[in-house]
Amino acid sequence: MRRGAAALWGTLGVLAVILLWEAYKFLGPAEGVVVGADGSTGSGVMILPRTNDRAMPHVWDMVARLFQSTSGGDTPPLIVPVVTAALTTLGIAAVGWLIGVLVGTLFGLMMQRWKLVEWGILPWIVVSQTVPLIAFAPVVNSLGLQIDRGGFPWPQWLSVAVISSYLAFFPVAVGVLRGLDAPDRIHEDLMRTYAAGYWQTLLHLRLPAAVPHLLPALRLAAANAVVGAVVAEVSIGMRGGIGRMLIQLAGQASSDPAAPWGPTFGTIALGLVAAGSVALLGLALKNYRRGEATA
Amino acid sequence: MRHSTRRGLAAVATAAIASLALAACSAPSSDDSGSSEDFEPLTSIKLQLQWLPQAQFAGYYVAADQGFFEEEGFDSVEIVPSGGDIVPQDALVAGDVDFAVAWVPKVLGTLEATGVELTDIAQVFQKSGTLQVSWADSGIESVADFEGKRIGSWGYGNEWEIFAAMAAEDLDSTSVSITTQDFSMNALLDRDVDAAQAMTYNEWAQILEVVNPATGELYQPEDFNVISYEDTEGAMLQDAIWADTARLADDPAYADAAVRFLEAVIKGWVFARDNPEEAASITYDAAINAEAAFPVGPVHQLWQMNEVNKLIWAGGDFGLIDSAAWDKTVAGALAAVNQDGLNLITTEPAASAYSNDYIQQALDALAEEGVEVGGEYTPIEVTLTEGGQ
Numbered sequence: 001m002r003r004g005a006a007a008l009w010g011t012l013g014v015l016a017v018i019l020l021w022e023a024y025k026f027l028g029p030a031e032g033v034v035v036g037a038d039g040s041t042g043s044g045v046m047i048l049p050r051t052n053d054r055a056m057p058h059v060w061d062m063v064a065r066l067f068q069s070t071s072g073g074d075t076p077p078l079i080v081p082v083v084t085a086a087l088t089t090l091g092i093a094a095v096g097w098l099i100g101v102l103v104g105t106l107f108g109l110m111m112q113r114w115k116l117v118e119w120g121i122l123p124w125i126v127v128s129q130t131v132p133l134i135a136f137a138p139v140v141n142s143l144g145l146q147i148d149r150g151g152f153p154w155p156q157w158l159s160v161a162v163i164s165s166y167l168a169f170f171p172v173a174v175g176v177l178r179g180l181d182a183p184d185r186i187h188e189d190l191m192r193t194y195a196a197g198y199w200q201t202l203l204h205l206r207l208p209a210a211v212p213h214l215l216p217a218l219r220l221a222a223a224n225a226v227v228g229a230v231v232a233e234v235s236i237g238m239r240g241g242i243g244r245m246l247i248q249l250a251g252q253a254s255s256d257p258a259a260p261w262g263p264t265f266g267t268i269a270l271g272l273v274a275a276g277s278v279a280l281l282g283l284a285l286k287n288y289r290r291g292e293a294t295a
Numbered sequence: 001m002r003h004s005t006r007r008g009l010a011a012v013a014t015a016a017i018a019s020l021a022l023a024a025c026s027a028p029s030s031d032d033s034g035s036s037e038d039f040e041p042l043t044s045i046k047l048q049l050q051w052l053p054q055a056q057f058a059g060y061y062v063a064a065d066q067g068f069f070e071e072e073g074f075d076s077v078e079i080v081p082s083g084g085d086i087v088p089q090d091a092l093v094a095g096d097v098d099f100a101v102a103w104v105p106k107v108l109g110t111l112e113a114t115g116v117e118l119t120d121i122a123q124v125f126q127k128s129g130t131l132q133v134s135w136a137d138s139g140i141e142s143v144a145d146f147e148g149k150r151i152g153s154w155g156y157g158n159e160w161e162i163f164a165a166m167a168a169e170d171l172d173s174t175s176v177s178i179t180t181q182d183f184s185m186n187a188l189l190d191r192d193v194d195a196a197q198a199m200t201y202n203e204w205a206q207i208l209e210v211v212n213p214a215t216g217e218l219y220q221p222e223d224f225n226v227i228s229y230e231d232t233e234g235a236m237l238q239d240a241i242w243a244d245t246a247r248l249a250d251d252p253a254y255a256d257a258a259v260r261f262l263e264a265v266i267k268g269w270v271f272a273r274d275n276p277e278e279a280a281s282i283t284y285d286a287a288i289n290a291e292a293a294f295p296v297g298p299v300h301q302l303w304q305m306n307e308v309n310k311l312i313w314a315g316g317d318f319g320l321i322d323s324a325a326w327d328k329t330v331a332g333a334l335a336a337v338n339q340d341g342l343n344l345i346t347t348e349p350a351a352s353a354y355s356n357d358y359i360q361q362a363l364d365a366l367a368e369e370g371v372e373v374g375g376e377y378t379p380i381e382v383t384l385t386e387g388g389q
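Protein sequence lines correspond, in order, to chains A and B.
All residue numbers for the first sequence refer to UniProt numbering, where the first residue is 1 and numbers rise by one.
All residue numbers for the second sequence refer to UniProt numbering, where the first residue is 1 and numbers rise by one.
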């Protein structure tokens, strides 16, 4: 019953977006609305976007384009390379997510164990997230190239995975730290009266208590890993993934405006799949999910 | 790297057999580099392109498809596309590839910035294919009209012709507003810029593949003003084949491979000149089978083939570097100042930056075989379709 309602709401949500899109396209001004223009080209600020067919193709045109050949001739329908590229990026993002979760958990564990470590590195972890990804990506890429030239094989996708892990580790580190600190004082004292050591307390008290904090952190990490992988692909120019495909097809946006929307839908599906996979993880841990804050 | 080691091993394994076979058959090209064959001829090389597979590079794909590389004694020629991820001249300097296709001004910038030495061994495009496209009602008919306008450019080294042409008109780069445009032509079509950069063989066709909402038909050339940089002082040499200068001097096998490679490339482009439809379809097939290339459709490729041929076959022999055009490029590169006040180069490039020795040897060898290596191209009529599909 509840599942049916959820599906219904989900469908309604998608329909609402389609309706909004088409309604705005129908009612909005074809050339948009610009304020503060002084008459010269490109001046002013656009407050309402354009609705012409190049800026906003019809929903049905975008869907139909998915089933037309990618590059004319006998090339497969656009949806085939979109799915392939999305799966490639998903795989890279999954590796990035794993690295991020590992590193984040390690940081979280250390910070919880030793207050000094928390004081020492938590600020740096926060600062690390203010480094723009597009500045950081080429550095990782050139490091990877140097390692590769040095004889140790370092494929380009590994650079992308490392960059995406850089975004993914942050919520995990913070989530693990908060989660491990979550048990009530009284329970910690109880463990102490049992003469339980650090590892026993960790295993039987802290980790189970951390689950409600951990799951939202993992979900955030999954979303971050996907964003990181897509941005990294674009900024280091790795071919094969959905981010790069988006940029390549955007080059045809004038003459074939529906084409770049194919990979755009691919990225949306990718994010949903990534978040959904973490939800599956939550299902497996449902015994520990009491009082989880929804995120 | 990994590929090259594996390929390298394979090459070593086949080298003995191949060189014996070559010596026996004595391919006409392999003996024009000198009689004393005291080196093992290279049989496996890599060519770095500056963009994804498209008809801009038809000559190389045709040479591979038609077996011209084998005829010149190569077992394998790997054509490496770039999606912006690989800078051709950097890949060449790093030794990842043996030859690279790149624009002259971009390489000149790299040569000065890094102090490396590369040599232009064949000037494939004799003319500049860059345009600045504006609406017919914009009143922009020459570079002098840029003043006070919003001018689109891609950046990444594609902007120097604009600044060189402006410098020749005594226009300061601050007197116009330079805007980075993306790779679609929407900025022009939506009138976000007054004039947008376009290549004759790519973006110009993209504009003409768009339906004009006023007429319901595709946009026509009359709807636009087109400034060709070829007609300005800003014209610079574009697609050229580059080789490693030091390796050319020190490694006779590499110098020999350069000549044989150029012979195959000339044959490829001659084929493209004489059979543009077939060459375009060969390239299109290569492009749709390449990994993640997503080329624009076959009609667009044929347009590109036609336009590229016009840039290559300017009357002289294929690939010879015209010293006047080279000097003009250098002068433009020295004069150009971008919107940040930076120069592309500040001193003249080394004399080793171009050499006609290799292309001349290749041309002579082919002329002896009776190949028509020069002349004009007779353009064909290409009717564009919506989206180029």
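Beta carbons are placed, not taken as given, at the ideal position from N, Cα and C, and that holds for glycine.
_Just to confirm before moving on: does the CB-CB distance between phenylalanine 294 (chain B) and serine 71 (chain A) stay below 8 angstroms?_
Contact flag set, yes.
*Do you know offhand how far phenylalanine 224 (chain B)'s Cα is from glycine 341 (chain B)'s?*
31 angstroms
*Show which residues of chain A have a CB atom less than 8 angstroms away from the CB atom of serine 184 (chain B).*
Ala250, Gly251, Gln252, Ala253 and Ser254
*Residue from A:Gly100, A:Met111, A:Val211 and A:Val278 with nearest C-alpha to glycine 228 (chain A)*: A:Gly100
*Tell whether a beta-carbon distance below 8 angstroms holds between phenylalanine 163 (chain B) and asparagine 338 (chain B).*
yes
*Are glycine 388 (chain B) and valine 330 (chain B) closer than 8 angstroms when you measure CB to CB?*
no
*Would you decide whether proline 213 (chain B) is buried or exposed? Buried here means 16 or more other CB atoms lie within 10 Å of its CB.*
Around the beta carbon of proline 213 (chain B), a 10 Å sphere encloses fewer than 16 other beta carbons of the protein chains shown; the residue is thus reported as exposed.
*Would you mind reading off the limits of the beta strand (DSSP E) that contains alanine 198 (chain B)?*
195-199
*Indicate whether at least one CB of chain B lies closer than 8 angstroms to the CB of threonine 130 (chain A).*
no
*Output the distance between the C-alpha atoms of leucine 344 (chain B) and serine 323 (chain B), rounded to the nearest integer angstrom.*
20 angstroms
*According to the Cβ coordinates, are phenylalanine 261 (chain B) and isoleucine 86 (chain B) closer than 8 angstroms?*
no
*Alpha carbon to alpha carbon, how far is residue 298 (chain A) from aspartate 189 (chain A)?*
Residue coverage of chain A in this structure runs from 1 to 295, which leaves residue 298 (chain A) outside it and unanswerable.
*asked:* Against chain A, which members of the segment 143-162 of chain B pass a CB distance test of less than 8 angstroms?
replied: Gly148, Lys149 and Arg150
*Use the C-beta contact count for tryptophan 9 (chain A): other C-beta atoms within 10 angstroms, 16 or more gives buried, fewer gives exposed.*
exposed
*State the Cα-Cα distance for the pair leucine 285 (chain A) and glycine 271 (chain A), rounded to the nearest angstrom.*
Per the coordinates, the alpha-carbon of leucine 285 (chain A) lies some 22 angstroms from the alpha-carbon of glycine 271 (chain A).
*chain A within 8 angstroms of phenylalanine 224 (chain B), Cβ atoms only*: Closer than 8 angstroms: no.
*6 angstroms Cβ shell around residue 390 (chain B) - same chain, five flanking residues per side excluded*: Examination of residue 390 (chain B) is not possible in this model, given that chain B is present from 1 through 389 alone.
*Closer than 9 angstroms, Cβ to Cβ, to anything on chain B: give me those residues from the segment 265-277 of chain A, in chain order.*
none
*Kindly indicate which three-state DSSP category asparagine 225 (chain B) falls into: helix, strand or coil?*
strand
*Short check: CB of glycine 268 (chain B) to CB of tyrosine 60 (chain B), under 8 angstroms?*
yes
*Going straight from the alpha carbon of valine 77 (chain B) to that of alanine 64 (chain B), what length do you get?*
7 angstroms
_Other residues of its chain near leucine 108 (chain B): CB distance less than 6 angstroms, five sequence neighbours each side excluded_ = Counting only Cβ-Cβ distances below 6 angstroms, and skipping sequence neighbours, we find Ala333, Ile345 and Pro349.
_Using C-beta distances below 7 angstroms, list every residue in its chain close to leucine 42 (chain B), excluding the 5 sequence neighbours before and after it, in chain order._
Ala253, Tyr254 and Ala257
*In chain B, which residues lie with their C-beta within 9 angstroms of the C-beta of threonine 51 (chain A)?*
Chain-order list of chain B residues neighbouring threonine 51 (chain A): empty, with the shortest C-beta distance near 12 angstroms, by a criterion of under 9 angstroms.
_Against chain A, does valine 296 (chain B) count as a neighbour if the rule is that its beta carbon must be under 8 angstroms from one of theirs?_
yes
_Do isoleucine 178 (chain B) and valine 133 (chain B) count as a contact pair if the criterion is CB distance below 8 angstroms?_
no
*C-beta neighbour in chain A for glycine 129 (chain B), strict 8 angstroms*: no
*DSSP state of proline 257 (chain A), grouped into three classes?*
Coil, per DSSP.
*Please confirm whether glutamate 161 (chain B) and glycine 234 (chain B) have their CB atoms less than 8 angstroms apart.*
yes
*asked:* Going by DSSP, what residue range makes up the beta strand (DSSP E) through methionine 46 (chain A)?
replied: Per DSSP, methionine 46 (chain A) belongs to the beta strand (DSSP E) from 45-48.
*asked:* Cutting at 7 angstroms between CB atoms, please list the residues of its own chain near leucine 122 (chain A), excluding the five before and the five after it.
replied: Within the same chain, leucine 122 (chain A) has close Cβ partners Met111.
*Opposite aspartate 98 (chain B) in the DSSP bridges: which residues?*
In the DSSP output, where bridge partners are listed per residue, aspartate 98 (chain B) has none listed.
*Would you mind telling me which residues of chain A sit closer than 9 angstroms to glycine 83 (chain B), beta carbon to beta carbon, in chain order?*
Gly237, Met238, Arg239, Arg244, Ile247 and Gln248
*asked:* Going by DSSP in three states, glutamate 278 (chain B) sits in which element: helix, strand or coil?
replied: helix
*Between glycine 151 (chain A) and aspartate 192 (chain B), which are expected to be in contact by the criterion C-beta below 8 angstroms, what is the C-beta distance as a whole number of angstroms?*
Contact flag wrong, Cβ pair sits at about 48 angstroms.
*Given asparagine 158 (chain B), which residues of its chain have a CB within under 6 angstroms of its CB, disregarding the five upstream and five downstream residues?*
none
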